[in-house]
Amino acid sequence: MVFLLAKTEGDSLVDFSPKWLSLYEFYYDVIKAGQYIWKIRQLHDQYGPIIRINPEEVHIQDANFYDEVYTGATHKRNKWSFFTNQSGLTSSAFATNDHDLHRMRRGALNPYFSKQKVRQLQPRIEKSLKNLLGRVDDFRISGEPLMVGLAYAALANDIVMDYALGRSENRLLAPDFDPSFKEAGEAGAKLGHLVKQLPWLLQIMKILPDNMQVILNPVMASFIKLNQDVIRHVARIYSHRHDPHNQYNSQTTVFHEILQSDLPEHEKMPTRLWQDGQVTVIAGTLTTAAALSEITFHLLDQPMHLRKLKTELDTVTSGSGQLPEMAKLEQLPYLTAVIKEGLRLSSGISTRLQRIATEETLVFTARYPGGIDGNTIEKKYTLRPGIPLSMTGLLIHHSPTYFEDPMTFWPQRWLEDKSLDKYLVPFSRGTRSCVGINLAYAELYLTIATVFGFRFKDGRKGTADWGARSHFTKADGYLKMDFYQVYLDSAATARAK
1 MVFLLAKTEG
11 DSLVDFSPKW
21 LSLYEFYYDV
31 IKAGQYIWKI
41 RQLHDQYGPI
51 IRINPEEVHI
61 QDANFYDEVY
71 TGATHKRNKW
81 SFFTNQSGLT
91 SSAFATNDHD
101 LHRMRRGALN
111 PYFSKQKVRQ
121 LQPRIEKSLK
131 NLLGRVDDFR
141 ISGEPLMVGL
151 AYAALANDIV
161 MDYALGRSEN
171 RLLAPDFDPS
181 FKEAGEAGAK
191 LGHLVKQLPW
201 LLQIMKILPD
211 NMQVILNPVM
221 ASFIKLNQDV
231 IRHVARIYSH
241 RHDPHNQYNS
251 QTTVFHEILQ
261 SDLPEHEKMP
271 TRLWQDGQVT
281 VIAGTLTTAA
291 ALSEITFHLL
301 DQPMHLRKLK
311 TELDTVTSGS
321 GQLPEMAKLE
331 QLPYLTAVIK
341 EGLRLSSGIS
351 TRLQRIATEE
361 TLVFTARYPG
371 GIDGNTIEKK
381 YTLRPGIPLS
391 MTGLLIHHSP
401 TYFEDPMTFW
411 PQRWLEDKSL
421 DKYLVPFSRG
431 TRSCVGINLA
441 YAELYLTIAT
451 VFGFRFKDGR
461 KGTADWGARS
471 HFTKADGYLK
481 MDFYQVYLDS
491 AATARAK
């Protein structure tokens, strides 16, 4: 098997690759359930920082080249239909392949997800956090373990639906946190591997009636319900957009922002808008929940980090449960380091992201060991316009080349070496970076500050902190937490345990 690229030293990379590479990817991603990412890492270890991984796509493992692939607005970068078609939401800004069309659609979304706008809506986020604290206290009192991943998925879903759509399913208040949506999202991600290889399957699924899809895959029921709800919601907003007294115009949602933008009228049709809403809700649920779960596990697993964090949080919250403004939380160095480390280890987007330079030729310099006197050998690869180029954030985040002891949770690394920031790419970079990055950071800062900076009131003993222990079960693999009370009186703490 040959994964090396044939052309070097200024020669243009030609469209030559064994056709069996498609079957190779199919085997690792479909048969072995999403394992191609790890095979790609192995191939890089074997062949170097640039390899061809399917008949058309070139993968690069060199974080210093990241900003060449994922660049700013002055350099055109298209997405690749092989990746975007799997979503079935090809009219959304996320899945728009063409650079110029994406720029127009994304421009209508950007104001609503700006840092200033997100900060203005902090009270709406805090409302969901209040529900989370209530559920945490319920589990503390009952003694039952809290399913952390489900709780955070419910929180993230409630926040993003309220923020983007002006309504939510209140999954936090459901006794079991309504896990169907999280499960459907995970099932959809797995299905994506198959749909990428066999895109006609998606067309068949679209033809099937909703009830038939639920019979074939019951966990998709919540996705179908979301589709129907978003479509109806968008249609109502659109039909009443010129009536200032209608209830739908009293809300603030991403759809109101788009309808008030200077997009062409055909871009504002409900048949397209609902896809932007669907993508926003799906992307804003699973990735944020994964980062929160990662952070929570490591803080409970390594109390020294938790103690440092709580000490810092006490300087701005004093355990009162009253959160300061986002800007103040963002100035806390250790909290920021904890969040960065959680994002690095969780890598919510674990797939590779392809970009196609449409007008420029890129030159990548690869360095290989084996030169005279231990020096490296340099080879230049010329990547002509039209080639799908990809990198994988997770492989960068977990690489010892950029992060010492990469699988260890060590927030201090971000305080000791500011240069590491250029290797942190959980939301990608450039014009195609995640539109919800500011909302995601707001959720991370506010949630971690709330969960680990709050002290509850106990009627018998006054103000108390709470401790938590984490544990897994082999049966389901979920991270769980159980709680005990911590009082200023150490004897009372011992009794509570």
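All residue numbers for the sequence shown refer to full-length UniProt numbering, where the first residue is 1 and numbers rise by one.
Glycine included, every Cβ here is placed at the ideal spot set by N, Cα and C.
Cβ neighbours of residue i in the same chain (closer than 6 Å, five flanking residues each side left out)
i      : result
Leu263 : Ala108
Ala151 : Phe177
Gly134 : none
Arg119 : Met326
Ala290 : Ser346 and Gly348
Ala440 : Thr288
Glu144 : none
Ser81  : Asn97
Ala154 : Arg171, Leu172 and Phe177
Identified DSSP bridge partners for residue i
i      : result
Tyr381 : Phe364
Asn78  : Ile356
Arg52  : Val58
DSSP state of residue i mapped onto helix, strand, coil
i      : result
His59  : strand
Pro388 : strand
Met407 : coil
Met147 : strand
Val136 : helix
Gly72  : coil
Asp276 : helix
Val254 : helix
Arg241 : coil
Ser142 : helix
Phe454 : coil
Glu312 : helix
Val425 : coil
Buried versus exposed call for residue i [16 or more other C-beta atoms within 10 Å across all chains shown]
i      : result
Thr84  : buried
Leu345 : buried
Arg232 : exposed
Arg167 : exposed
Trp414 : buried
Ile377 : exposed
Arg171 : buried
Tyr66  : buried
Leu299 : buried
Glu416 : exposed
Ala475 : Confidence at Ala475 is low in this model, with a pLDDT of 42, below 50, so its placement is unreliable and the value that follows should be read with caution. Ala475 comes out exposed.
Arg355 : buried
Asn375 : exposed
Cut-off 7 Å between Cβ atoms - residues of its own chain near residue i, not counting five sequence neighbours on either side
i           : result
Glu443      : Ile125, Ala156, Ile159 and Thr288
Gln46       : none
Val30       : His193, Leu194 and Gln197
Pro218      : none
Ala221      : Ser180 and Val214
Lys32       : none
residue 525 : Because the chain spans 1 through 497 in this model, residue 525 falls outside it and cannot be assessed.
Integer-rounded CB distance, given that residue j should sit under 8 Å from residue i
i      : j      : result
Ile448 : Ile295 : 6 Å
Leu89  : Gln275 : 4 Å
Chain-order list of residues whose beta-carbon lies under 8 Å from that of residue i (same chain, five-residue window excluded)
i      : result
Glu257 : Ala108, Leu109, Pro111 and Tyr112
Asp314 : Gly453
Ile37  : Ser350, Thr351, Arg352, Thr392, Leu394 and Leu395
Gln260 : none
Thr431 : Thr71, Gly72, Ala73, Arg77, His99, His102, Arg103 and Arg106
Pro388 : Glu56, Glu57, Val58, Trp80, Phe82, Gln354, Arg355 and Ile356
Closer than 7 Å to chain C by CB, residue i
i      : result
Leu415 : This model lacks chain C altogether; it includes just one protein chain.
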